[in-house]
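S.K.: Attaching a single structure in structure tokens format; questions to follow.
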Amino acid sequence: MVDSINTNTAAIAARNALAKNNKELAKQQQNLATGSLISDPSNLPGPAGVAFALSADIKTTQAAAKNIVQGEAFVQTGAGALASLQEMFEQMSSLAATANNDMTLDATAKTYLDAEYQALKTQVGNVIADTNFNGVKFFDGSAGTLDMQVGTAATEIITYDGGTALAPTATGDISDATNAATEVAALKADRATVSAKIAEMGALKSRMGFISNNVGTTIQNLSGAKAAFADTDIPAALERSQTLGALVDVAGAMMNKSLEKAGKLSELVKSAR
Numbered sequence: 424m425v426d427s428i429n430t431n432t433a434a435i436a437a438r439n440a441l442a443k444n445n446k447e448l449a450k451q452q453q454n455l456a457t458g459s460l461i462s463d464p465s466n467l468p469g470p471a472g473v474a475f476a477l478s479a480d481i482k483t484t485q486a487a488a489k490n491i492v493q494g495e496a497f498v499q500t501g502a503g504a505l506a507s508l509q510e511m512f513e514q515m516s517s518l519a520a521t522a523n524n525d526m527t528l529d530a531t532a533k534t535y536l537d538a539e540y541q542a543l544k545t546q547v548g549n550v551i552a553d554t555n556f557n558g559v560k561f562f563d564g565s566a567g568t569l570d571m572q573v574g575t576a577a578t579e580i581i582t583y584d585g586g587t588a589l590a591p592t593a594t595g596d597i598s599d600a601t602n603a604a605t606e607v608a609a610l611k612a613d614r615a616t617v618s619a620k621i622a623e624m625g626a627l628k629s630r631m632g633f634i635s636n637n638v639g640t641t642i643q644n645l646s647g648a649k650a651a652f653a654d655t656d657i658p659a660a661l662e663r664s665q666t667l668g669a670l671v672d673v674a675g676a677m678m679n680k681s682l683e684k685a686g687k688l689s690e691l692v693k694s695a696r
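Set out below in structure tokens:
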């Protein structure tokens with residue numbers, strides 16, 4: 424390299440190295456301070472775009488996970504009410520079968536049995552009319568078709584049919600044997616209807632459980648993929664920062680040395696006049 428007063432190439436090279444290393448050091452320090460490689464997306468636009476897309480998928484999947492938790496509570500509420508209906512129908516069946524007996528029960532005894540029967544029938548109606556989750560009725564047919572998203576796509580849904588009302592056929596009394604026999608047959612059908620509804624609720628809950636496990640795994644995998652693009656590798660960043668700090672010090676010292684050399688050349692020229 425030719426020594427020159429007008430163009431100090433050594434100082435220029437040292438200055439460029441100093442600027443470059445300072446810039447990269449500042450970026451490494453930002454990455455360490457934020458824990459993120461993409462706090463400034465312009466640094467890594469490609470990985471930033473991927474990370475932002477993954478972040479959107481993670482948030483959508485997390486929302487789906489919350490939906491599933493609420494859905495499980497919804498199903499448990501409905502299943503509990505159905506279990507209560509089944510228990511009442513069983514008791515009503517027992518009362519009706521007891522009342523279907525003219526040999527040992529008189530009209531007065533049957534009136535006592537019917538009093539309990541009518542009370543249970545009223546409560547059955549109350550459960551069907553009033554059971555709800557956050558205002559959504561289960562069994563009166565008013566809810567219609569209920570969908571719940573359980574994945575990242577709008578098509579990943581679970582559906583509950585709340586548009587078909589439970590309509591018990593045991594609507595009479597057991598004040599005499601004839602009526603009691605009619606109610607025994609009607610209650611058998613009602614128990615079958617409730618059993619089918621219990622099976623439907625159980626299937627929904629089982630499906631939600633498996634989906635919940637899958638969603639949890641999906642969130643874990645998406646988070647890991649995002650971290651690869653977005654998160655700072657702390658040990659590597661620390662090591663790189665130390666190296667850059669040393670290079671900044673060296674480049675600064677070399678630039679100063681080059682400037683000193685240029686000054687000595689100037690003095691040499693002056694002394695030669």
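Here the numbering used here is used: position 250 in the sequence shown is 673, and no number is missing along the way.
The beta-carbon is built from N, C-alpha and C at its ideal position, and this holds for glycine as well.
1. DSSP on V729, reduced to helix/strand/coil?
2. Mind the definition here: the region 511–518 touches the region 537–546 only if three or more C-beta pairs lie below 8 angstroms; say whether that holds.
3. Quick one: grab the DSSP three-state call for T601.
4. Please return the same chain residues whose Cβ sits closer than 6 angstroms to the Cβ of G574, not counting the five positions on each side in sequence.
5. Cα separation between E513 and A590?
6. Check whether the Cβ atoms of D558 and T587 sit closer than 8 angstroms, and answer yes or no.
7. Over the uninterrupted alpha helix (DSSP H) stretch that includes M511, give me the two end residues.
8. Check the C-beta distance from A635 over to I481 and give it rounded, since I have them as a contact under 8 angstroms.
9. Quick one: grab the DSSP three-state call for T582.
10. Taking only three categories from DSSP, how would you classify V573?
11. Closer than 8 angstroms by C-beta to T568: which residues in its own chain qualify, once you throw out the five before and the five after it? Chain order, please.
12. Leaving out the 5 sequence neighbours to the left and right, which residues in its chain are closer than 7 angstroms to N490 when beta-carbon positions are compared?
13. Pick helix, strand or coil for T568, following the three-state DSSP scheme.
14. State the Cα-Cα distance for the pair K443 and A436, rounded to the nearest angstrom.
15. Got a sec, what are the start and stop residues for the alpha helix (DSSP H) A532 sits in?
16. Compare the beta carbon distance of K544 and D599 with 8 angstroms and say whether it is the shorter of the two.
17. To the nearest angstrom, how far is it from the Cα of A593 to the Cα of G501?
18. Can you give the beta carbon distance from N505 to M624, rounded, assuming they're within the 8 angstroms contact cut?
19. Residues in its own chain within less than 7 angstroms of F562 by CB, not counting five upstream and five downstream?
20. Residues bridged to V559 by DSSP?
21. For T484, does the count of other Cβ atoms within 10 angstroms reach 16, so buried, or fall short, so exposed?
22. Tell me whether T411 sits in a helix, a strand or coil according to DSSP, three-state version.
23. Out of curiosity, what's the CA-to-CA distance linking G503 and Q509?
24. For A604, which residues from the same chain have a beta carbon less than 6 angstroms from its beta carbon, with the 5 sequence-adjacent residues on both sides left out?
25. Measuring alpha carbon to alpha carbon, tell me which residue in D672, A653, N679 is nearest S465.
M.R.: Judging by the given coordinates:
1. Since the first residue shown for the chain is 424 and the last is 696, residue 729 is missing from the structure and cannot be characterised.
2. Taking 8 angstroms as the limit for Cβ pairs, the verdict is that the region 537–546 does touch the region 511–518.
3. Of the three classes helix, strand and coil, the one that applies to T601 here is helix, per DSSP.
4. Only A487 meet the Cβ criterion.
5. Near 16 angstroms, if we compare the C-alpha coordinates of A590 and E513.
6. Residue identity check: residue 558 is Gly in the sequence provided, not Asp. Not in contact: G558 and T587 (Cβ atoms no closer than 8 angstroms).
7. Per DSSP, M511 is one residue of the alpha helix (DSSP H) stretching across 468–522.
8. Residue identity check: residue 635 is Ser in the sequence provided, not Ala. Taking the Cβ atoms as the reference, S635 lies roughly 16 angstroms from I481, outside the contact range of under 8 angstroms.
9. In the structure shown, the three-state DSSP call for T582 is strand.
10. The answer is coil: DSSP assigns V573 none of H, G, I, E or B.
11. Answer for T568: T582, Y583, D584, G585, G586, listed in chain order.
12. Excluding five sequence positions before and after N490, the CB atoms of its chain that fall closer than 7 angstroms to its own CB belong to M571, Q572, V573, given in chain order.
13. If DSSP states are grouped into helix, strand and coil, T568 belongs with the strands.
14. One Cα belongs to K443, the other to A436, and the distance between them is close to 11 angstroms.
15. From DSSP, the alpha helix (DSSP H) with A532 extends over 530–553.
16. Going by C-beta atoms, K544 is not nearer than 8 angstroms to D599.
17. Rounded to the nearest angstrom, the gap between the Cα atoms of A593 and G501 is 21 angstroms.
18. Looking at the sequence itself, residue 505 is Leu, so the reference to Asn does not match. Correct: roughly 6 angstroms between the Cβ atoms.
19. Sequence-distant Cβ neighbours of F562 in its own chain, meaning closer than 7 angstroms and more than five residues away, are I551, T554, A588, L589.
20. V559 is bridged to F556.
21. Counting Cβ neighbours within 10 Å, T484 comes out buried, since at least 16 surround it.
22. Summary: the structure shown does not reach residue 411, with the chain confined to residues 424 through 696, and so no result is reported for it.
23. Rounded to the nearest angstrom, the two C-alpha atoms are 10 angstroms apart.
24. Within the same chain, A604 has close Cβ partners N523.
25. Per the Cα distances, A653.
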